[in-house]
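The block underneath contains the structure these notes are about, expressed in structure tokens.
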Amino acid sequence: MFRPKLLFTSLAAIALGACSPQDPQAVTSAAIAKQVILPTYSRWVDADRQLASSALAFCQGKENLETARADFLKAQKAWAELQPLLIGPLAEGNRAWQVQFWPDKKNLVGRQVEQLVNSEPQIDAAGLAKSSVVVQGLSAYEYLLFDAKIDMADSAQKAKYCPLLTAIGERQKQLAEEILSRWNTNDGMLAQMSKFPNQRYADSHEAIADLLRVQVTALDTLKKKLGTPMGRQSKGVPQPFQADAWRSQSSLQGLEASLSAARTVWAGVDNKGLRGLLPSDQKPLADKIDAAYDASLKLFASSQRSLTEMLNDDAGRQQLNDLYDSLNVVHRLHEGELAKALGIQLGFNANDGD
Numbered sequence: 001m002f003r004p005k006l007l008f009t010s011l012a013a014i015a016l017g018a019c020s021p022q023d024p025q026a027v028t029s030a031a032i033a034k035q036v037i038l039p040t041y042s043r044w045v046d047a048d049r050q051l052a053s054s055a056l057a058f059c060q061g062k063e064n065l066e067t068a069r070a071d072f073l074k075a076q077k078a079w080a081e082l083q084p085l086l087i088g089p090l091a092e093g094n095r096a097w098q099v100q101f102w103p104d105k106k107n108l109v110g111r112q113v114e115q116l117v118n119s120e121p122q123i124d125a126a127g128l129a130k131s132s133v134v135v136q137g138l139s140a141y142e143y144l145l146f147d148a149k150i151d152m153a154d155s156a157q158k159a160k161y162c163p164l165l166t167a168i169g170e171r172q173k174q175l176a177e178e179i180l181s182r183w184n185t186n187d188g189m190l191a192q193m194s195k196f197p198n199q200r201y202a203d204s205h206e207a208i209a210d211l212l213r214v215q216v217t218a219l220d221t222l223k224k225k226l227g228t229p230m231g232r233q234s235k236g237v238p239q240p241f242q243a244d245a246w247r248s249q250s251s252l253q254g255l256e257a258s259l260s261a262a263r264t265v266w267a268g269v270d271n272k273g274l275r276g277l278l279p280s281d282q283k284p285l286a287d288k289i290d291a292a293y294d295a296s297l298k299l300f301a302s303s304q305r306s307l308t309e310m311l312n313d314d315a316g317r318q319q320l321n322d323l324y325d326s327l328n329v330v331h332r333l334h335e336g337e338l339a340k341a342l343g344i345q346l347g348f349n350a351n352d353g354d
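Residues in the sequence shown are numbered consecutively from 1, following full-length UniProt numbering.
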């Protein structure tokens with residue numbers, strides 16, 4: 001007696017479900033993964049492939065030092081753009097440390113690079129993968145190309161350091177390709193951020209919460225990367241050698257690239273970012289966050305000198321303080337008002353305890 005009615009009810013529910021609008025958080029998560037994160041990872045892979053080729057070409061005498069340095073800066077910028085997107089495989093298993101070692105409070109990069117080239121003068125990518133994370137990534141590559149103690153124009157020094165340079169280039173290429181492949185497998189991160197539930201996320205809200213946590217941690221890290229050399233953690237005494245890219249004098253460019261990438265997660269493509277999840281009555285908050293990003297990026301764009309140079313005079317230090325304050329506004333808006341508006345409990349971030 002009751003089965004036909006039960007069947008009718010089930011069919012009606014299915015039909016109603018088919019007509020209902022898609023879950024906006026699922027749409028946003030999938031859009032950010034496909035339109036923002038994946039293209040950024042792809043650019044990182046391309047930059048690291050070029051880095052590997054560049055190291056070989058330089059060491060074979062087919063490319064000059066200026067070009068090798070330019071290729072490094074492109075790879076470093078591609079990595080900086082990933083900072084607000086460290087979600088999934090790259091955030092696990094110390095992989096991020098294998099790309100960049102920071103903070104380096106005791107010059108471990110310089111010391112361990114010298115130890116390695118002396119103990120394993122013909123090291124290759126396979127051997128490097130078994131070595132300390134300190135010497136595997138961009139921080140060590142930067143040391144080889146930019147440190148004042150090393151003269152890559154000298155043939156003897158070039159012969160000494162080139163095996164490690166090419167090993168790092170190849171190691172970074174392999175790591176980037178491995179991470180991208182993990183995104184694109186059938187049950188990889190792209191799938192996990194697009195269809196719910198899955199083994200990583202019980203629902204789309206968990207994915208959006210994860211995205212925001214990564215954003216908040218990244219913005220906090222940007223403050224640390226700027227504040228540490230400014231002396232904000234050393235009683236006001238500047239620590240220029242604690243900047244993450246002090247040897248290449250490109251720290252501010254990296255911070256700007258990271259902040260710009262964070263804004264892309266916020267704004268999305270076709271308004272399918274975190275911003276689009278805010279209800280209409282939260283427009284004042286959306287406008288406030290838009291303005292905070294614009295103000296901070298405008299300050300970065302107007303910074304014509306390196307961080308080290310700016311630390312040397314009052315005008316430069318004031319400009320750096322303004323930059324820090326602008327980053328702090330963006331960070332606090334995400335951590336506080338945005339999290340509350342999206343109904344997300346942030347808990348601890350990856351920098352807590354640093």
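Even glycine gets a Cβ: it sits at the ideal position worked out from N, Cα and C.
Cβ contact annotation for N198 (same chain, cutoff 6 Å, sequence separation greater than five): Q192, in chain order.
In this structure V330 is in contact with S296, their Cβ atoms being roughly 6 Å apart against a cut-off of 8 Å. Counting along the chain, W44 sits inside the alpha helix (DSSP H) bounded by residues L38 to C59.
Taking a C-beta distance under 9 Å as the contact criterion, L180 and S42 qualify as a contact pair. Ranked by how close their Cα comes to the Cα of P84, the residues V45, A31, G127 and Q215 have Q215 in first place. Between the stretch 299-316 and the stretch 268-276 there are fewer than three C-beta pairs closer than 8 Å, too few to call the two in contact. Taking a contact as a CB-CB distance under 8 Å, the pair V99 and L175 counts as one, their CB atoms being some 7 Å apart. The straight-line gap separating the alpha-carbon atoms of L90 and W97 is approximately 10 Å. If the five residues before and after A78 are omitted, its C-beta is found closer than 7 Å to the C-beta atoms of R43, W44 and A47, all from its own chain and listed in chain order.
A207 has its alpha-carbon roughly 44 Å from the corresponding atom of Q122.
In chain order, D48, R49 and A52 place their CB closer than 6 Å to the CB of K173, counting only its own chain and leaving out the 5 sequence neighbours on each side. Counting every other CB atom within 10 Å of its CB across the protein chains shown gives P229 a total of 16 or more, marking it as buried. When P284, K130, K224 and L211 are compared, the shortest CA-CA separation from R95 is found for K130.
Looking at the backbone, the Cα of L252 and that of A315 are separated by about 16 Å.
Counting C-beta pairs with one atom in each stretch, the stretch 129-149 and the stretch 98-115 have three or more that are closer than 8 Å, which means they touch. DSSP places W183 in the helix class (H, G or I) of the three-state scheme. Note on geometry: alpha-carbon atoms of K223 and A267 lie some 21 Å from one another. Note on the stretch 251-276: whole alpha helix (DSSP H) runs with a minimum of 4 residues are 251-267, in chain order. With distances taken between CA atoms, T40 lies nearest to K74 out of K74, G169 and S132.
Across the structure, K283 and T28 are spaced so that their CA atoms are roughly 18 Å apart. As the crow flies, the alpha-carbon of L86 is around 30 Å from that of P163. Relative to the Cα of Y293, the nearest Cα in the group P240, L327 and R69 belongs to L327. DSSP, reduced to helix, strand and coil, places V113 within a helical segment of the structure shown. In this structure, A261 keeps its C-beta atom at 9 Å or more from the C-beta atom of E142.
Counting only unbroken stretches of 4 or more residues, the alpha helix (DSSP H) elements lying wholly within the stretch 187-226 are 189-192, in sequence order. Residue environment: V109 is assigned as buried (16 or more neighbouring CB atoms within 10 Å of its CB, all protein chains considered). Distances from the CA of A80 to each of V117, D281 and S250 were compared; the closest alpha carbon is that of S250. In the DSSP annotation of this structure, the continuous segment of the alpha helix (DSSP H) that includes Q319 starts and ends at D314 to L333.
The shortest C-alpha to C-alpha distance from T185 to any of Q22, G88, I32 and D154 is the one to G88.
Scanning its chain for C-beta atoms nearer than 8 Å, with the 5 sequence neighbours on each side dropped, one finds around L212 the residues L274, H334, L338, A339, L342, I344 and L346, in chain order. Counting only runs that start and end inside the stretch 92-141, the alpha helix (DSSP H) elements of at least 4 residues fall at 95-99, 108-119 and 125-129. In the three-state reduction of the DSSP assignment, Q25 falls in the helix class.
The beta carbon of G231 sits closer than 7 Å to those of V237, P238 and Q239, all from its chain and outside the five residues before and after it, given in chain order.
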